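2 protein chains.
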Amino acid sequence: MKKGHQVTMKEIAKKLGVSVSTVSRALKDSPELHPETKKRIVEMAKSMNYQYNLLAQSLRISKSKVLGVIVPELTSHFFSSNISGIQDTAYKRGYNIMICQSNESFEQEKANVRTLVSSQVDGLLISLSRETKNYEHLMELYNREIPFIMFDRVTEDIPVSKVTVDDAHGAYLAVKHLLEQGCKKVAYFSGPEDLYISKKRKEGYLKALSEFGIPASESKVYMTDLTSEKNREVTLAMLASEDRPDGIFAMIDPLAIDIMMVLKEQGLKIPEEIALAGFTNNPTSAVIEPSLTTVSQPGYEMGQIAANHLLDQLDDLVPDEPQSFVLLTTLVPRNSSKKKPNA
Amino acid sequence: MKKGHQVTMKEIAKKLGVSVSTVSRALKDSPELHPETKKRIVEMAKSMNYQYNLLAQSLRISKSKVLGVIVPELTSHFFSSNISGIQDTAYKRGYNIMICQSNESFEQEKANVRTLVSSQVDGLLISLSRETKNYEHLMELYNREIPFIMFDRVTEDIPVSKVTVDDAHGAYLAVKHLLEQGCKKVAYFSGPEDLYISKKRKEGYLKALSEFGIPASESKVYMTDLTSEKNREVTLAMLASEDRPDGIFAMIDPLAIDIMMVLKEQGLKIPEEIALAGFTNNPTSAVIEPSLTTVSQPGYEMGQIAANHLLDQLDDLVPDEPQSFVLLTTLVPRNSSKKKPNA
DNA sequence: ATGAAAGCGCTAACAA
DNA sequence: TTGTTAGCGCTTTCAT
Numbered sequence: 001m002k003k004g005h006q007v008t009m010k011e012i013a014k015k016l017g018v019s020v021s022t023v024s025r026a027l028k029d030s031p032e033l034h035p036e037t038k039k040r041i042v043e044m045a046k047s048m049n050y051q052y053n054l055l056a057q058s059l060r061i062s063k064s065k066v067l068g069v070i071v072p073e074l075t076s077h078f079f080s081s082n083i084s085g086i087q088d089t090a091y092k093r094g095y096n097i098m099i100c101q102s103n104e105s106f107e108q109e110k111a112n113v114r115t116l117v118s119s120q121v122d123g124l125l126i127s128l129s130r131e132t133k134n135y136e137h138l139m140e141l142y143n144r145e146i147p148f149i150m151f152d153r154v155t156e157d158i159p160v161s162k163v164t165v166d167d168a169h170g171a172y173l174a175v176k177h178l179l180e181q182g183c184k185k186v187a188y189f190s191g192p193e194d195l196y197i198s199k200k201r202k203e204g205y206l207k208a209l210s211e212f213g214i215p216a217s218e219s220k221v222y223m224t225d226l227t228s229e230k231n232r233e234v235t236l237a238m239l240a241s242e243d244r245p246d247g248i249f250a251m252i253d254p255l256a257i258d259i260m261m262v263l264k265e266q267g268l269k270i271p272e273e274i275a276l277a278g279f280t281n282n283p284t285s286a287v288i289e290p291s292l293t294t295v296s297q298p299g300y301e302m303g304q305i306a307a308n309h310l311l312d313q314l315d316d317l318v319p320d321e322p323q324s325f326v327l328l329t330t331l332v333p334r335n336s337s338k339k340k341p342n343a
Numbered sequence: 001m002k003k004g005h006q007v008t009m010k011e012i013a014k015k016l017g018v019s020v021s022t023v024s025r026a027l028k029d030s031p032e033l034h035p036e037t038k039k040r041i042v043e044m045a046k047s048m049n050y051q052y053n054l055l056a057q058s059l060r061i062s063k064s065k066v067l068g069v070i071v072p073e074l075t076s077h078f079f080s081s082n083i084s085g086i087q088d089t090a091y092k093r094g095y096n097i098m099i100c101q102s103n104e105s106f107e108q109e110k111a112n113v114r115t116l117v118s119s120q121v122d123g124l125l126i127s128l129s130r131e132t133k134n135y136e137h138l139m140e141l142y143n144r145e146i147p148f149i150m151f152d153r154v155t156e157d158i159p160v161s162k163v164t165v166d167d168a169h170g171a172y173l174a175v176k177h178l179l180e181q182g183c184k185k186v187a188y189f190s191g192p193e194d195l196y197i198s199k200k201r202k203e204g205y206l207k208a209l210s211e212f213g214i215p216a217s218e219s220k221v222y223m224t225d226l227t228s229e230k231n232r233e234v235t236l237a238m239l240a241s242e243d244r245p246d247g248i249f250a251m252i253d254p255l256a257i258d259i260m261m262v263l264k265e266q267g268l269k270i271p272e273e274i275a276l277a278g279f280t281n282n283p284t285s286a287v288i289e290p291s292l293t294t295v296s297q298p299g300y301e302m303g304q305i306a307a308n309h310l311l312d313q314l315d316d317l318v319p320d321e322p323q324s325f326v327l328l329t330t331l332v333p334r335n336s337s338k339k340k341p342n343a
């Protein structure tokens, strides 16, 4: 299937007996043009159904007005919120976005970076895959001075701007809340150890424990690769453990929900026998039963801020020095943790 | 912030004392080249950190290898599944995707079409906004012979390929199931009347009723604009109605879930007093309580099929005639409707 | 097996 | 106020 012919400036010029530059100027609404000529050209363009060729412009001005976005997966509500924020913001500022998903694969992520760079995106917004522990591909972007920033799944090893939430504090709020509800033995269910958010949220967990004078124990930290199978397996292992926890803080909501399913299936009362809190505030968490206590993470706003900052950098509206944006999280107490009626 | 310099073929050519055409041929692995020259060039390119400029290629060959995608919203699980399928497929076949969201606005959708066309996408995949009742912008694409196809939210007024599910049949399955469970008065909760899926699913609803010898009544059809407020309002109106339904088929899961919330809040037993079924099979539906009976709609596969078909058209692998892909849906019976233990 | 040259559609410095 | 010209980075036909 071949595309139909597209009208070019050249054709408009010919029809009107003017030069292409004049057409270009008229269509750009340049002031140094006779209003009459401008009018004729604009009208002719409209009548010929002229459509600007952004590709040609991009090549000429060495700017594509396209932002590349790489996320681990498109179907997670959190990431699609991010993208939504990025897309709306970019669009408002005259940019389009090109999207890739790494599917949590390091190799795929590297390939994504490559194609987006080849496509001449003006900048990139990246959220790292679970597998990414080596940052050479990012270092290369950095060395080649291709503007990019990271969000949510970031690394501190690369000196670029980052947009995250106060992961440690959010986790602290959740765990503190569980302790305030009377939990004595709170477990932390964590994703892969080297994930930035796994670490940060653990910090908050430990801080809350220590504040309540509870000695931390590695036996209360449960690690999963975040697949449903593993989540289930680890939860069952926890239930079978000698010193069964009476409260759980899960690193992300989907994990918390998997845990909840197992607890319910095993006939445990939530929150009476075991309280539960997550992190993200996915839509599901509000409607599940019992409703899930969680920490809200403003995905859409993160996307907006990330995109605006990157575009500000591109437009030299802000200094080039990397900046860190840390968004606030808030605790959303719900029934999965409320042991006390007044809480 | 300015981007760093990018190496071009010209520079490689100069360094090696060959012509640009030779470099181009080497990098394309053209057979009519001395293997030795080819090797030298490829190695030089690597050592100079050469990155292909897809933009320049696109302009030259009049193909961007980019697909444009327009969806009503990015954050819905169904649409992000579609996009995921489209992205994976496109990527595998050497294409990138550019994404826009219409935010359910007709004006925005028209603007999206315009920018994507300006960006010289090779083809478009479109799912219509709720507001779209006028198809001139699509007709223009059609007349300008820009390949595009529609998915999920389609219109029959434009002769292009479409990817949908058997909406009517899926709805029929759901309603039949409710009737088999003993419901006597089944209501249909519908989105905006002129939406393709509203109409199709109503067809299925009516068919099931007639098969069970139940006279259809417009008073059992409840219309909402799908906002949570309106959903709630309409549900309350239904509960207050004289002849209260004992079963509800909701056009999409999010609507079903809003309805469920109101029913639970009003103290109604689901499914005993009122049974409920949705359509889409969102992840939430499986974990909510009671779990929601629904019709599964393969979003990812729809995206794959849509993208593959469009690319097949672009590559002349299939005839240009519009084709309709109707994917099968299956009933997913869950607790929100199971009145009989053996069902 | 390789090079020269034209050109994709546009912009912008320079000329007139 | 408008035109001429060169060129963005690449591909491809036509020579050699």
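Taken in order, these protein sequences are the chains called A and B. Position 250 of the first sequence, counted from 1, bears residue number 250 in the UniProt record's numbering, the numbering being contiguous throughout. Position 202 of the second sequence, counted from 1, bears residue number 202 in the UniProt record's numbering, the numbering being contiguous throughout. Ideal Cβ placement from N, Cα and C applies to all residues, glycine included. Owing to the predicted nature of the structure, the values given are computational and were not obtained by experimental measurement.
Q. Quick one: any contact between the segment 142 to 153 of chain B and the segment 114 to 123 of chain B, if contact means 3 or more CB pairs under 8 Å?
A. yes
Q) Under the three-state reduction of DSSP, which class applies to L292/A: helix, strand or coil? A) coil
**Q.** Beta-carbon spacing of D157/B, P192/B below 8 Å
**A.** no
Q.
Within 8 Å of any Cβ in chain B, is that where the Cβ of Y52/A sits?
A. yes
Q: Have a look at the DSSP bridge pairing and note the partners of Q101/A.
A: V71/A
Q | Any chain B beta carbon closer than 8 Å to N335/A | A | no
Q: Just the chain B side, please: which residues come within less than 8 Å of V117/A by C-beta, in chain order?
A: Q51
Q. Just curious, the beta strand (DSSP E) that G247/B is in, first and last residue?
A. G247 to A250
Q: Specify whether the segment 133 to 143 of chain B and the segment 198 to 208 of chain B touch according to this definition: at least 3 beta carbon pairs, one from each stretch, less than 8 Å apart.
A: no
Q) Can you give the Cα-Cα distance for N335/A and M302/B, rounded to whole angstroms? A) 37 Å
Q. Roughly how many angstroms lie between the CA atoms of A343/B and V175/A, to the nearest whole one?
A. Note on A343/B: pLDDT 42, under 50, position unreliable in the model; no value is reported.
Q: Mark L125/B as exposed unless 16 or more other C-beta atoms lie within 10 angstroms of its C-beta, in which case mark it buried.
A: buried
Q) Taking the Cβ atom as the reference point for each residue, do N112/A and I70/A lie within a distance shorter than 8 Å? A) yes
Q. Where does S21/B sit, in a helix, a strand or coil, going by DSSP?
A. helix
Q. G278/A to F325/A, Cα distance in whole Å?
A. 23 Å
**Q.** Whole-angstrom C-beta distance between A26/B and S19/B, which should lie under 8 Å
**A.** The Cβ separation is near 11 Å, so there is no contact.
Q | Contacts around F151/A, its chain only, beta-carbon distance under 8 Å, and the 5 residues preceding and following it disregarded | A | N82, L125, I126, S127, K162, V163, T164, M302, G303 and A306
**Q.** Residues sharing a beta bridge with M150/A, DSSP
**A.** I126/A and K162/A
**Q.** Contact list for L74/A against chain B, beta-carbon separation under 7 Å
**A.** S80, I83, S84 and Q87
Q.
Could you tell me the alpha carbon to alpha carbon distance between E211/B and L179/B, rounded to whole angstroms?
A. 10 Å
Q: Please list the segments of the beta strand (DSSP E) lying wholly inside the UniProt domain "HTH lacI-type" (7 to 61) of chain B, counting only runs of 3 or more residues, in order along the chain.
A: none
Q.
Quick check on the DSSP output: what are the complete alpha helix (DSSP H) runs of length 4 or more inside the segment 161 to 230 of chain B, in order along the chain?
A. 167 to 180 and 196 to 211
Q. Taking Cβ-Cβ distances shorter than 7 Å, what residues in chain B pair up with Q120/A?
A. N53, L54 and L55
Q | Beta-carbon spacing of S105/B, S80/B below 8 Å | A | no
**Q.** N103/A beta carbon less than 8 Å from that of K65/A
**A.** no
Q: Could you work out which residue in G4/A, S291/A and D88/A is closest to M261/B when comparing CA atoms only?
A: S291/A
Q | Same chain, Cβ closer than 8 Å to Q6/B, five either side skipped, listed in chain order | A | Q51 and N53
**Q.** Sheet register partners of residue 347/A (DSSP bridge)
**A.** A query on residue 347/A cannot be resolved here, the shown segment of chain A reaching from 1 to 343 and no further.
(Q) For L74/B, count the other beta carbons within 10 Å of its own beta carbon; 16 or more makes it buried, fewer makes it exposed. Which is it? (A) buried
Q.
Strictly below 7 Å CB to CB, what residues from chain B border M1/A?
A. P147, Q313, L314, D316 and D320
Q: Could you confirm whether any beta carbon from chain B is found closer than 8 Å to the beta carbon of G278/A?
A: no
Q. Can the beta-carbon of A286/B be found closer than 8 Å to that of M238/B?
A. no
Q | DSSP state of A343/A mapped onto helix, strand, coil | A | Bear in mind that the predicted position of A343/A carries a pLDDT of just 42, short of 50, making it too unreliable to give a figure here.
Q) By the 10 Å Cβ neighbour count, where 16 or more other Cβ atoms means buried, how is T330/B classified, buried or exposed? A) exposed
Q: Note down the Cα distance separating S62/B from R93/B, rounded to an integer number of angstroms.
A: 18 Å
Q: Spell out whether any CB of chain A is found under 8 Å from the CB atom of S291/B.
A: no
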